[in-house]
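Visitor: Let me give you the structure first, and then I'll get to my questions.
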Amino acid sequence: MTKFDTILWDVDQTLLDFSRSQRYALEESFCRFGRDTKEEMVILYTKINDSYWKRYELGEVTKEELLTGRFASLFSIMGIGDIPVEEFAAIYQKALGEVYYFCDQAGELCLRLKKVVRQYAVTNGVSATQRNKLRLSGLDQILDGIFISEELGYPKPCREYFESCFSRIPEFKRERALIVGDSLSSDIQGGNNAGIACCWYNPWKKAKDREVRIDYEIRNLWELEGILSWQNLPTRS
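Have a look at this one:
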């Protein structure tokens with residue numbers, strides 16, 4: 002029998018390719034204001050956005066400050082003064098939830114795993130955006146539940162966030178849960194804080210940049226079958 006019966010999936014850059022959705026949203030948003038999106042703008046925004054999300058994980062900024070602050074920073078560096086930050090942020094957030102792209106055919110994998118394990122989404126993303134993407138992708142019908150930090154009151158990697166998730170999972174057993182995600186600071190650190198097994202999704206072969214416990218490391222999501230001892234898994238009732 003498999004060691005795990007509950008999988009906690011990160012969403013952005015694990016189940017869904019956030020980089021592609023982000024590029025689409027940036028292009029759509031700048032287009033609304035009559036501007037082209039240049040590659041250096043995407044690269045700069047990605048760095049700024051990542052830094053804001055890490056600050057959010059640490060409790061240094063609120064979600065509201067993150068959503069507008071990242072664009073205020075971008076516009077300041079690029080010398081853009083004729084685009085209203087809040088209006089741009091709203092357009093971007095809506096566009097971000099209008100598209101989805103699977104990582105490693107994740108939809109097929111989740112559907113296959115549905116027969117044998119429980120699966121839940123654990124995400125720090127904006128609630129409306131995440132729920133729309135999960136609906137469009139069909140993942141909301143495959144997964145057993147969706148846990149969004151904005152709705153639970155705590156961000157990953159806080160222990161409180163995970164305890165809130167666990168309290169909503171029937172007959173949850175900590176020793177039989179596995180979190181799968183790309184972020185060491187959010188997903189893996191969160192799994193460490195919550196005392197559950199951690200699987201680092203690292204297709205880019207990034208170097209480990211923090212001291213966290215990593216129980217498994219995979220390059221492709223389908224490697225999870227091997228971790229779950231696929232050939233011995235019972236069929237869910």
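Using this note's numbering, you'd call the opening residue of the sequence shown number 2 and step up by one each time.
Quick reminder that beta carbons are idealized off the backbone N, C-alpha and C, glycines included.
Where Q120 and W10 are concerned, what is the direct C-alpha to C-alpha distance, given to the nearest angstrom?
Guide: 7 Å
Visitor: So, are the CB atoms of F139 and G108 less than 9 Å apart?
Guide: Phe is not the amino acid found at residue 139; the sequence shown has Gly there. Contact flag set, yes.
Visitor: Candidates C199, S150, L222 and E164: which alpha carbon is nearest T63's?
Guide: S150
Visitor: Give the DSSP-derived three-state secondary structure of D51 in the structure shown.
Guide: helix
Visitor: My understanding is that N194 touches F163, with C-beta atoms under 8 Å, so please give their C-beta distance in whole angstroms.
Guide: 7 Å
Visitor: Decide if P171 is buried, meaning its Cβ has at least 16 other Cβ atoms within 10 Å, or exposed.
Guide: exposed
Visitor: To the nearest angstrom, report how far apart A129 and V213 are at their CA atoms.
Guide: 31 Å
Visitor: Are V100 and K134 touching if we call contact CB-CB under 9 Å?
Guide: yes
Visitor: Taking the beta carbon of I1 as the centre, do at least 16 other beta carbons fall within 10 Å, making it buried, or is it exposed?
Guide: In the structure as shown, the chain begins at 2 and stops at 238. Residue 1 is therefore absent and cannot be evaluated.
Visitor: What are the partner residues of V123, as DSSP defines its beta bridges?
Guide: F148
Visitor: How many Å lie between A90 and F148 at the Cα?
Guide: 24 Å
Visitor: Kindly indicate which three-state DSSP category V43 falls into: helix, strand or coil?
Guide: DSSP places V43 in helix when its eight states are reduced to three.
Visitor: What number of angstroms, rounded off, separates the C-alpha of K115 from the C-alpha of L144?
Guide: 7 Å
Visitor: On the premise that W201 lies in contact with E218, defined as a C-beta separation below 8 Å, what is that separation, rounded to the nearest angstrom?
Guide: Contact holds; Cβ gap of about 5 Å.
Visitor: Which runs of the beta strand (DSSP E) spanning at least 3 residues fall entirely within the segment 189-236, listed in chain order?
Guide: 198-202 and 217-219
Visitor: Looking only at its own chain, which residues have a Cβ that is under 8 Å from the Cβ of D37, when we skip the five neighbours before and after it?
Guide: F31
Visitor: Let's test the definition: count the other Cβ atoms within 10 Å of the Cβ of D13 and tell me whether it reaches 16, buried, or not, exposed.
Guide: buried
Visitor: Under 9 Å, do E40 and Y93 count as touching if we go by C-beta distance?
Guide: no
Visitor: Quick one, are the C-beta atoms of I58 and S186 less than 9 Å apart?
Guide: Sequence inspection shows Glu at residue 58; the Ile mentioned does not correspond to that position. Cβ distance < 9 Å, so E58 and S186 count as in contact.
Visitor: Could you check if F1 is buried or exposed, using at least 16 other CB atoms within 10 Å of its CB as the buried criterion?
Guide: Given a span of 2 to 238 for the chain in the structure shown, any question on residue 1 remains unanswerable.
Visitor: Out of F173, R136, P158 and Q23, point me to the one whose CA is closest to G60's CA.
Guide: P158
Visitor: Can you pull the DSSP bridge partners for A178?
Guide: T7
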